[in-house]
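A quick write-up on the structure given underneath.
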Amino acid sequence: MRALPICSYGCALLLLAAAGCSRCGGTTTANAAEELLPLHPAAAVVTAPLGAVARHLAALIDRASSLPGGEQLGEARRVAAAQLGFDPLAREGLISAGFDPDRAAAVAFFENQPRAELIAALPVSKPDLFLQTMQRLLVDRGGFSRAEGQSQSATLFERGGTRVAVSVVRGYGLFARTRDPAASIAEAGARQPEQSLARDPGLAAARNRLGAQDFVGWAPAGSGMPRRYTARTLPGDVAVSLQASQQGAASRLFAQLPEADARKAQAALPGGGAPLVELLPADAPLRARLGVAPAKLLDSLRGDPDLAVVLDRLHGADAEVFASLAPGVAASLGVARGVNIGEAIDYGFDWRRKSPFDTVQLVALAEVTDRPRLLKAFGRIARTLPDLGARVERTGDDFQATYAAGRGARFGVREIDGKAVAYLLGGPLRPDELRRTPRSANPEAAALYESGGAAVRVDFGKLASALRTLPDGAYGSGPQAYVARSIVGQVIEPLRTVRLSMAAESFADRLGGTLDVELVAP
């Protein structure tokens, strides 16, 4: 007997929900999968109709597998279909296994140790055929065996200390992994709609806020599910969605917050910095608008132990700098002019041995609220840096640092469009080279140019283009060149079709976020 690979096992777990026998339920089909699941679970996942989900995921995999480096995804799908005996991402495959592709599924989770319990409901059209499929998957592929002492309400399987039950109830296949899985399925058959997950106002609110999505995951306030990762329970409802398509995948998240927590979140993430984004280099692979309160941003920087040691030696000048800035920093990272990739790989980013600004072009900009105070703080930093092994050359309001390993940071204040802008530059770019560039027409990048919260955009295509234009000498020679070209060719180039967009914003009652993965033509 062969064990299922991870991808096949995940599909098999979902399929378990529809396993069972026709004797276990009435003839009336439930209006939705949620009607068979208990009210007030610790968490739940609901889907769009399975046929639509399969179509969207298949389109995403087909697109990704046609791009450089994505061939393995198509092969993984073929392997999973061979292991399962049908293609779960094809409408015909779902029907051949007994699924109803025109209806949606749902899963409810419950707190327990050492792992959570769950009850899943998936739509079936041919219970007998589905039972045959599940018998094969559970016994022949999953390592389960039929348990002794079968129940009247479900078929029981066990493996080691795990016991599960499967059945078909009111047109839905049920899978229960609970303390008493047979009882869980029997309760589902007798459950009234008003006592079911379908009537949970929290789930309904999450679906209304997130809209039609392939998957919506939700956990109510007070849920202990996060205790597996943190010591806290959820202070408010949390929901996340996923929508797949040929163009990529989009995820949305919101977390409800108590009034006091929401005020703190708004104070920490007030937004800002939108007018400065246009000043960032247009060819930078990473651009960000960090609408974080300056004091919170400094706290984040101090979270790095090595950097905290350096900042401590500035004797409070760092705090004066951030107190002189408005919320919202526009920042970018790119490939520095004249970069030597071979040396960068040899030295890594050990700034003590080689300046990272020989490899990376950093630009960070912020609006100034108190110019005299800021320049005074910059002057204090310039006088302190020699004690740290650096030399600073000042020209007006511009400060250029250098140290034994190479080029240091350049910082200062410059008037741009009539406003004082503080800058921190790492690399050969000069302050007078900062130019406004037109806003991107791509809607995925729109959050960068809006004032709310924070946003990050990563364009691997720009990174690949920058590296592709480097002269041969930039890769070094001999083994060094081989390693450098291998990393670029095997890691960066396959990613050149990928774009990532992330955003977060705080509101009066919640925290919202987005994550989009976009696939473009090579």
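In the numbering used here, each residue carries its 1-based index in the sequence shown increased by 538.
Ideal Cβ positions, reconstructed from N, Cα and C, are used throughout, including at glycine.
Spatially closest choice to residue i from the options, by CA coordinates
i     : options                : result
R977  : S761, V815, L772       : V815
F647  : L575, G709, F668       : L575
T671  : A658, D640, I657, L632 : L632
A750  : L780, F998, G762       : L780
D850  : T922, A831, G786, E953 : T922
M1040 : L656, R737, G990, T716 : G990
H939  : D925, V951, E953, A920 : Looking at the sequence itself, residue 939 is Ala, so the reference to His does not match. Of D925, V951, E953, A920, the residue nearest in Cα terms is A920.
G1051 : R729, A620, L748       : L748
G727  : R717, F713, A985, R708 : R708
R1048 : I883, F860, L807       : L807
L863  : L791, A958, L845       : A958
R629  : A861, A592, V776, D842 : A592
A915  : A928, D936, G927       : D936
G717  : A744, E649, V754       : In the sequence as presented, Gly is not what sits at residue 717; that position holds Arg. The residue with the shortest Cα to Cα distance from R717 is E649.
A568  : G950, G608, A736, F792 : A736
Span of the alpha helix (DSSP H) around residue i
i     : result
I723  : 719 to 728
T671  : 665 to 673
L845  : 843 to 850
F1045 : First-last for F1045: undefined, no H or E at that position.
F860  : 855 to 861
A743  : 739 to 748
S838  : 832 to 839
Residue interval of the beta strand (DSSP E) (run including residue i)
i     : result
R827  : 824 to 828
F792  : 786 to 794
P661  : 655 to 661
D1054 : 1048 to 1057
E696  : 693 to 697
L780  : 776 to 783
A757  : 753 to 757
Alpha carbon of residue i to alpha carbon of residue j, nearest angstrom
i     : j     : result
A1046 : Q733  : 32 Å
G956  : E905  : 11 Å
R616  : L972  : 50 Å
K664  : G886  : 59 Å
P823  : A869  : 11 Å
P731  : A643  : 16 Å
P1060 : L1038 : 16 Å
G740  : P758  : 7 Å
G563  : F637  : Bear in mind that a pLDDT of 42 at G563, under 50, signals an unreliable position, so the number given afterwards is only what the model happens to contain. Near 17 Å, if we compare the C-alpha coordinates of F637 and G563.
G999  : T768  : 36 Å
R968  : V1029 : 31 Å
R729  : E573  : 8 Å
R765  : E982  : 33 Å
T522  : L818  : Coverage of the chain is limited to positions 539 through 1060, which leaves residue 522 absent and any answer about it impossible.
L627  : V645  : 19 Å
D1054 : Y1013 : 33 Å
G809  : L836  : 16 Å
Identity of the residues DSSP links to residue i by a beta bridge
i     : result
E816  : According to DSSP, which records beta bridges pairwise, E816 is partnered with nothing at all.
P576  : S734
Y710  : P661, V707
S1039 : R995, D1054
V677  : None, per the DSSP bridge assignment.
Entirely within the stretch 910 to 952 and at least 3 residues each: give me those beta strand (DSSP E) ranges in chain order. Within the stretch 910 to 952, the complete beta strand (DSSP E) runs of at least 3 residues fall at 928 to 933, 936 to 941.
Which whole runs of the alpha helix (DSSP H) in the stretch 942 to 1030 are 4 residues long or more, in chain order? The stretch 942 to 1030 contains these whole alpha helix (DSSP H) runs: 998 to 1006, 1017 to 1025.
Entirely within the stretch 584 to 664 and at least 4 residues each: give me those alpha helix (DSSP H) ranges in chain order. Those alpha helix (DSSP H) runs which fall completely within the stretch 584 to 664 and span 4+ residues are 588 to 603, 609 to 622, 629 to 634.
Ranges of the beta strand (DSSP E) found wholly within the stretch 856 to 904, counting only runs of at least 3: Within the stretch 856 to 904, the runs of beta strand (DSSP E) at least 3 residues long that lie entirely inside it are, in chain order, 863 to 873.
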